[in-house]
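Chemist:
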Amino acid sequence: MPLQFTAAPSSRIRKPPSRSRSTASSPFARLRRAKPNRRLQRDSEKEDEREDQDGSGTAYSPDRLPDLGPSNHLAETSLVTTVVQAIQHVQNTIFTDMPASRPGMNSTRIAHVLNFRRSLPPVVSVAHVHVLLHPPTAVEREIAHLVHTARLRRLFIPGRGTALAGLGDCLVLVEDWEFLVRSSPSLDDSLKDKFIQLLRSNAQTSAVSAAHFTPDETSALVRAGFLVSPSSLAKVTSSSINPAVALASPTDDAAVQLAPQADNQSSWSSRSFRDSTMVLSLPNLGPYLRLISAARSQMLSLLEKSKYKEAPLSLLRDRWDGAVESQAQFAVAKRARGESSGVLPGRTKKWKELYGMNFRWALEEAIGAGLIEIFDTGCVGPGVRRL
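Numbering (our numbering), first residue to last: 1 to 387.
1) Looking at C-alpha atoms only, which residue of Q204, A203, L191 and N202 is the closest neighbour of S219?
2) Which residues in the same chain have their Cβ closer than 8 Å to the Cβ of L291, if we skip the five residues on either side of it in sequence?
3) Mapping the DSSP letters down to three states, classify L199 as helix, strand or coil.
4) Can you have a look at A144 and say buried or exposed, based on whether 16 or more other CB atoms are within 10 angstroms of its CB?
5) Any idea if I179 is buried or exposed, counting beta-carbon neighbours within 10 angstroms, 16 or more meaning buried?
6) Which residue comes first and which comes last in the beta strand (DSSP E) that contains P382?
7) Determine the direct distance from the alpha carbon of F213 to that of E364, and round the result to whole angstroms.
8) Look at the alpha carbon of E373 and the alpha carbon of R385, and state the distance between them as a whole number of angstroms.
9) Please state if the CB of F226 and the CB of V181 are separated by a distance shorter than 8 Å.
10) Does DSSP put T377 in a helix, in a strand, or in coil?
11) What is the DSSP secondary structure of S297, counted as helix, strand or coil?
12) Measuring alpha carbon to alpha carbon, tell me which residue in W177, R200 and A333 is nearest A224.
13) Excluding sequence positions up to five away, which residues of its chain have a Cβ less than 7 Å from the Cβ of H130?
14) Which value, in whole angstroms, describes the spacing of the CA atoms of L133 and V222?
15) Here's the rule I'm using: 16 or more other beta-carbon atoms within 10 Å means buried, otherwise exposed. How should G381 be labelled?
16) Once the 5 residues before and after M98 are set aside, which same chain residues still bring their CB inside 8 Å of it?
17) Taking three-plus beta-carbon pairs below 8 Å as touching, is the stretch 187-207 in contact with the stretch 276-285?
18) Whose CA, out of M105, S297, S201 and W351, lies closest to the CA of T149?
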């Protein structure tokens, strides 16, 4: 007979049978279980409703920000007190620094961005200066004094508008303008001295008579970007002014017949050239104006994403910078594990189209143009609203 069928008692240790749990051991056993965070959330909602009914709480839509009046955040955080300091501040804060690591751009793109930044003219819009300084009357009085003393030039750009929303009213320091003229490789030294003398003597207007320069000098200044011609007569070269040389080729009789007509045309062109008016300009002024226009459009499009076209300043800054990678500890740990912690800076619109423009600079420019306004919310910091 097998051993397991013997009647001998087994020496194996047996586990005692578990006692059935009594349902009446606790008075709360029959109650429905709920997580504590839900209970706290329900209590907070009831408390908010009670405050709204009593009138002690501030009832507003979660999408619309409370408005406590205009905010002086920009004026309080800026450290400028004069117009010259404001111009230098705007010039030095237009772009952010290039990312030190993982920029998301190759060497060719980085060189293109740096060269574009370096080529921009030292121009500042009048609206931008008014955002940093108050009151407006004192600012305009100081600008007029600097223009009268030939330390500042007020540049009016035709076709760009002269109102606040326009881009045609700009300020340039005379020393910055002279530096650009001195560093231009396409101008002779004598022409540089002549043009700088004109800048210092005629500081009240941007219009210059073509009689101050010869046709060759005018053509050189136009090619260098320091003069703009309202008509094609300002670009007349010496060969087009004297076309008799090109016409006297078939025969001597034909040359004799065409010479008086050529002399009449040459004298008419010279007289028209002397009577024409030139406009002062700066090199690469067109790309600079297009960059400002693109920055304003980007700021307005970011506010369009909100329901009421308003957003806290911190949220608007995050939208401007994009969901880029950060150097926080959790982001570094996620990258070490091979996980995604954000996009590279070079793939955002801030760097692809705006060449790394600073958010605060674009905000000040849009506020000065009258496109947006900044107000105090009292709870989430300053808020920005589209007008």
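Beta carbons are placed, not taken as given, at the ideal position from N, Cα and C, and that holds for glycine. Here the structure is a predicted model, which is why all the values come from computation and not from measurement.
Modeler: The short version:
1) Translated into positions along the sequence shown, residue 219 becomes position 219. Of the listed residues, the one whose Cα sits closest to S219 is L191.
2) Numbered from its first residue, the sequence shown carries residue 291 at position 291. So the qualifying residues of the chain are L120, L354, Y355 and M357.
3) For the purposes of this step, residue 199 is taken as the residue at position 199 of the sequence shown. If DSSP states are grouped into helix, strand and coil, L199 belongs with the helices.
4) The sequence position of residue 144 within the sequence shown is 144, counting from 1. Per the 10 Å Cβ criterion, exposed.
5) Looking up residue 179 in the sequence shown gives position 179. Here residue 179 turns out to be Phe, not Ile, going by the sequence shown. With fewer than 16 other Cβ atoms within 10 Å, it is exposed.
6) Sequence index remark: in the sequence shown, residue 382 carries index 382 (1-based). Where P382 is concerned, the enclosing beta strand (DSSP E) stretches over P382 to R386.
7) Position 364 of the sequence shown, counting from 1, holds the residue named residue 364. Position 213 of the sequence shown, counting from 1, holds the residue named residue 213. Between E364 and F213, the C-alpha separation is close to 39 Å.
8) The residue given as residue 373 occupies position 373 in the sequence shown. The residue given as residue 385 occupies position 385 in the sequence shown. Those two C-alpha atoms are separated by around 5 Å.
9) For the purposes of this step, residue 181 is taken as the residue at position 181 of the sequence shown. For the purposes of this step, residue 226 is taken as the residue at position 226 of the sequence shown. Yes, the Cβ-Cβ distance between V181 and F226 is below 8 Å.
10) The residue labelled residue 377 in the question sits at position 377 within the sequence shown. In this structure, T377 counts as coil in the three-state DSSP scheme.
11) Taking the first residue of the sequence shown as 1, we reach residue 297 at position 297. S297 falls in the helix class under three-state DSSP.
12) Walking along the sequence shown from the start, residue 224 turns up at place 224. Here the closest residue by C-alpha is W177.
13) Translated into positions along the sequence shown, residue 130 becomes position 130. Taken in chain order, the residues that qualify are P136, V139 and G368.
14) For this step, residue 133 is matched to residue 133 along the sequence shown. For this step, residue 222 is matched to residue 222 along the sequence shown. Cα to Cα, L133 sits roughly 35 Å from V222.
15) Counting from 1 along the sequence shown, the entry for residue 381 is found at position 381. Looking at its Cβ environment, which holds fewer than 16 other Cβ atoms inside 10 Å, G381 is exposed.
16) Residue numbering aside, residue 98 sits at position 98 when the sequence shown is read from its first letter. I110, V113, L114 and G356, listed in sequence order.
17) yes
18) Taking the first residue of the sequence shown as 1, we reach residue 149 at position 149. Among M105, S297, S201 and W351, the Cα nearest to that of T149 is on S201.
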